[in-house]
Structures are given as C-alpha cells and as structure tokens.
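If you read the protein sequences in the order shown, they are chains A and B.
Numbering of the first sequence is given in our numbering, commencing with residue 748 and proceeding in unit increments.
Numbering of the second sequence is given in our numbering, commencing with residue 942 and proceeding in unit increments.
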Amino acid sequence: MSRKLSEEEYNRQRLVRMKHWLSGEKDLYLDNVEVVLDGECEPDKRKLESYEHDLDEMKTRTYDTEHNRVYRFFQRFYKMAAVLCCVALVFILIMEVSYLPPIGSASNPASNEVAAKYIEDGLQDTGAVNIVTGMILDYRAFDTFGESNVLFIATCTVLILMRNDKKKGKGSAEEEERRDSHYEPKKDAILQMGARILVPIIMLFGIYIILNGHLSPGGGFSGGAIIGAGLILYLNAFGFEKTERFFTEKTYKVVSFGSLLFYCLAKSYSFYTGAHHLESGIPLGTPGAIISSGLILPLNICVGLVVACTMYAFFALFRKGGF
Amino acid sequence: MHIFEYILMGFLIICAISVSFSKNLLNSILIFMSYSLVMSIIWILLESPDLAITEAAVGAGVTSVLFFVTLKKIHALREEEEETDE
C-alpha cells in the first residue's frame, strides 16, 4: 500500500519541515509573518502631534494636584484613615489593659508555684549558686538553645545582605575596607596603646564571667558580648590583617557550628522527653566550686562562644562585607 | 536612695524622648548609649546584676558600635563633617 510521494508533497510533511528548520536550511517565518520594513511607514505628523498633545494634557491633569478631585480625596482619606487606625488601636489596647489582672493580687498567673519551686529547689536540682543561670541553662535550656540559634540565623542573614563576593579588583572586600577606613587615622598611637592595655583585661573579664556563670552574676551571653566587644576594639586598633591571623570565616563556622551541635547533643535528651529535669549522670559537685553543677559550665562556654563570634562577625561584615 | 532612683528615672525619660527628637543621627546614638548606661545602673539598683552586665556590654557597647558603622556605610557621618568644614 505504498505510494510514491512527489518531492513537493514530501517537503510539506511536518517532520521534514522540522528537520529543515532544525538544520537551518529554510526560514519558516519567511513569507508567513507580516514584516513591515523600516522606511516604508511614514509617521503622520498630525496624528503624532495630537497624540503628544493628549499625552501632555493627561499628564498635567494627573499631576495637577490643585484641581484633581480624586487625588485630593485620597490625600484626605489617608489622613483620616491614619487617625482612625491610631484611635482604634489605642482604644483596643486600653480595653485590653482593663482585662489584665490587678497588680499585686495573690491569684495572678505570675505568682504560681513555679517561681517558688525554682528558688527553693534550684540549688539542689541544678547545683548552680546563681539561680538565674540554673534557670536559663537547666530548667529552661530549650529557650536558651533557641536564642543561640537565633543569633546564628541573624549572622546568616547579615551574611546574605552584606557579603562581598568579589575576590579582587574594584568592589572587592579589600577595596571596600580601604574605602571604609579612608577617613580614619592610620595606626593611631593613642588607640593602639589603649587597646594594648585594655584588650587583655576585657578578654580576661569576659572569660571570668563565662566560667563563673553558675557562681556569680553573668553567664554565657554577657561574657560572650564582652569578649565580642574586646575583639571589635582590637580590630579597630590593629586592622583586619592582625585579626585574620586567628579569626577567619572558617573559624567562625567551626566554632559556631561546634558549639550549637554540642549544646544540641548535650541537651536533646531532655528536649526529646519534654521533662523539665532529668538526671544527666554527671555529678553536681559541691556548690560554689568552679567544676560543679553538671552540664551548666560547658553549656555556658558554648553560648559564650556563639555570642562572641556573632558580635565580631556582625562588625566585620558591616565593615568590609567579609571576615 | 529613693531620690537617686528618681533622678535616674527622670534622666531615662529625658533620654528616651530626646533620642527621637534629635535631628542629628550621631547625637541620637550618643544619647541612646547614655540611656543604656543609666539603664544598667537601674538594673543594679533593682538587684539584677546579670541583666546589668548584659545591658552595659550589648546596649552601650556593641549596638552603638554597629549603629556607628551603619551611619558610616550610608555616608551620614561624612556629610556632617563636610558641613562643619564649610
């Protein structure tokens, strides 16, 4: 049942046409699409003028704020709406306040048995002399874990916003830093001398606060912030080439990730069970000694490392868009 | 002792209002710094030294430094310098 196709018929078949089109032999759009060549179409001057006139009139009428009724209506409407929203919000908040329990009442939700239990059994349960640290790193360790993660996520966000990916040349990190510190005094003697004396003291004070978090006021967050401030002072006095010797992007990654991972592994057993307190198997030691109160000291160090790295990373990213 | 607390509270309120009404951004940051310092003293008087240390380190130290760097990034500091030069 085969019949011989003529060449014309064969060329009209779809597959063949597609093959031709793919190999670029024939332009299928030739003679099929109407194309107006340049020069053939003469612009009509009267039409063009009337079009421009219409456009100008439209523009003047739109931006003529004095006589544009819609514009004036919306201008007034926005003011009225803003005032109405504020009044409504104030009204709602004042109504809300009237539903709050009275100050100092014994049946307030704040004065339940939880606070009393923390104060009474805190030392026995956690072994921490400082009740605040016992609370935030033992009873409420999950909240502190979330806070540390928030800091890490904040650094990631700043990294996305301020990061400078260009390696060399114009707009690179070094160029940015040079432009940034153009108006600053180079190798300022007073600043360098002050930093030389102050930075070791600030660092020691921060380490002291972190290590004594379970004994005296302070803890991971405050100590980490102090160490971060010391690092920033050192960076300002001596520049990036000195700090890059011990703190690079890799250091930040390793320290932050390691701390968060250790925190997660050390406490996830109690997060998983949902119990407020489980025996960790680590002896609590004598209250008041440095090595006591079980997991609180390592967790404090972890939080302190994360906070210090975050503070320094914020500053470095703001200054030159890199570590 | 109560008088001292009242003086500090009054200073706090004045600081909080003048931060938002100050036209100069640099002055705003400096007032904000002093606000944090006074706040940390008040935390000590309220017997919470943990918060006082954090407030002094974060509020008066790191946050203000970050604000300064931000002002520099948006070239708000340099313009003022040029204005004073003129």
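Quick reminder that beta carbons are idealized off the backbone N, C-alpha and C, glycines included.
Only a predicted model underlies this, so the values are computations on that prediction, with no experimental measurement involved.
Which residues in chain A sit within 7 Å of residue i, going by Cβ to Cβ distance?
i, result
"residue 998(B)", "969, 972, 973, 976"
"residue 960(B)", "Those within 7 Å of residue 960(B) in chain A number zero; the least Cβ separation is about 21 Å."
"residue 994(B)", "956, 964, 965, 969"
"residue 964(B)", "In chain order: nothing, as chain A lies at least about 22 Å away."
For residue i, go through chain B and note every residue whose CB falls closer than 7 Å to its CB, in chain order.
i, result
"residue 879(A)", "991"
Where residue i and residue j are concerned, what is the direct C-alpha to C-alpha distance, given to the nearest angstrom?
i, j, result
"residue 895(A)", "residue 999(A)", "14 Å"
"residue 803(A)", "residue 792(A)", "16 Å"
"residue 1026(B)", "residue 993(B)", "The pLDDT assigned to residue 1026(B) is 48, lower than 50, so where the model puts this residue is not dependable; a value taken from the coordinates is nonetheless given after this. Those two C-alpha atoms are separated by around 40 Å."
"residue 1033(A)", "residue 838(A)", "55 Å"
"residue 1047(A)", "residue 942(A)", "27 Å"
"residue 970(B)", "residue 1015(B)", "15 Å"
"residue 877(A)", "residue 1005(B)", "29 Å"
"residue 1018(B)", "residue 909(A)", "19 Å"
"residue 947(B)", "residue 977(B)", "16 Å"
"residue 997(A)", "residue 972(B)", "37 Å"
"residue 946(A)", "residue 1031(A)", "34 Å"
"residue 987(B)", "residue 857(A)", "19 Å"
"residue 972(A)", "residue 957(B)", "24 Å"
"residue 1063(A)", "residue 1006(A)", "20 Å"
"residue 982(B)", "residue 814(A)", "59 Å"
"residue 853(A)", "residue 867(A)", "19 Å"
"residue 996(B)", "residue 1002(B)", "9 Å"
"residue 934(A)", "residue 940(A)", "10 Å"
"residue 1050(A)", "residue 862(A)", "24 Å"
"residue 942(B)", "residue 952(B)", "16 Å"
Using CA coordinates, which residue listed in the options is at the minimum distance from residue i?
i, options, result
"residue 1029(A)", "821(A), 872(A), 758(A)", "872(A)"
"residue 1009(A)", "1043(A), 901(A), 823(A)", "1043(A)"
"residue 1055(A)", "902(A), 841(A), 919(A), 1036(A)", "902(A)"
"residue 988(A)", "948(A), 832(A), 1069(A), 957(A)", "1069(A)"
"residue 950(A)", "937(A), 959(A), 974(A)", "974(A)"
"residue 999(B)", "956(B), 1013(B), 975(B)", "975(B)"
"residue 1065(A)", "907(A), 1035(A), 807(A)", "907(A)"
Using a C-beta to C-beta distance shorter than 8 Å, which residues of chain B count as neighbours of residue i?
i, result
"residue 1048(A)", "Residues of chain B passing the Cβ test: none, with the nearest at roughly 17 Å."
"residue 1043(A)", "None at all; the shortest Cβ gap to chain B is about 14 Å."
"residue 1058(A)", "1003"
Since residue i meets chain B, which of its residues come closer than 9 Å, beta carbon to beta carbon?
i, result
"residue 994(A)", "What residue 994(A) touches in chain B: nothing, since even the nearest Cβ is about 16 Å away."
What in chain A is Cβ-close to residue i, meaning under 8 Å?
i, result
"residue 1007(B)", "1061, 1062, 1065"
From the beta carbon of residue i, is the nearest beta carbon of chain C less than 8 Å away?
i, result
"residue 804(A)", "Among the protein chains of the structure shown, namely A and B, there is no chain C."
Cβ-based contacts, 7 Å cut-off: residues of the region 949-961 of chain A near chain B:
Within the region 949-961 of chain A, the residues whose Cβ lies closer than 7 Å to some Cβ of chain B are 956, listed in chain order.
Cβ-based contacts, 7 Å cut-off: residues of the region 976-990 of chain B near chain A:
Residues of the region 976-990 of chain B with a Cβ closer than 7 Å to any Cβ of chain A, in chain order: 990.
In chain order, which continuous runs of the alpha helix (DSSP H) of length 4 or greater are located wholly inside the region 857-906 of chain A?
Counting only runs that start and end inside the region 857-906 of chain A, the alpha helix (DSSP H) elements of at least 4 residues fall at 860-873, 878-881.
Ranges of the alpha helix (DSSP H) found wholly within the region 950-1003 of chain B, counting only runs of at least 4
Within the region 950-1003 of chain B, the complete alpha helix (DSSP H) segments at least 4 residues long are 966-986, 990-995, listed from N- to C-terminus.
Could you tell me which whole alpha helix (DSSP H) segments of length 4 or greater appear in the region 939-1008 of chain A?
Runs of the alpha helix (DSSP H) inside the region 939-1008 of chain A: 967-985, 987-990.
Alpha helix (DSSP H) segments (min. 4 residues) lying fully within the region 785-856 of chain A:
For the region 785-856 of chain A, whole alpha helix (DSSP H) runs of length 4 or above, ordered along the chain, are 792-810, 816-845.
Between the region 979-1013 of chain A and chain B, which residues of the former have a C-beta closer than 7 Å to a C-beta of the latter?
Of all residues in the region 979-1013 of chain A, 979 have a Cβ within less than 7 Å of some Cβ in chain B.
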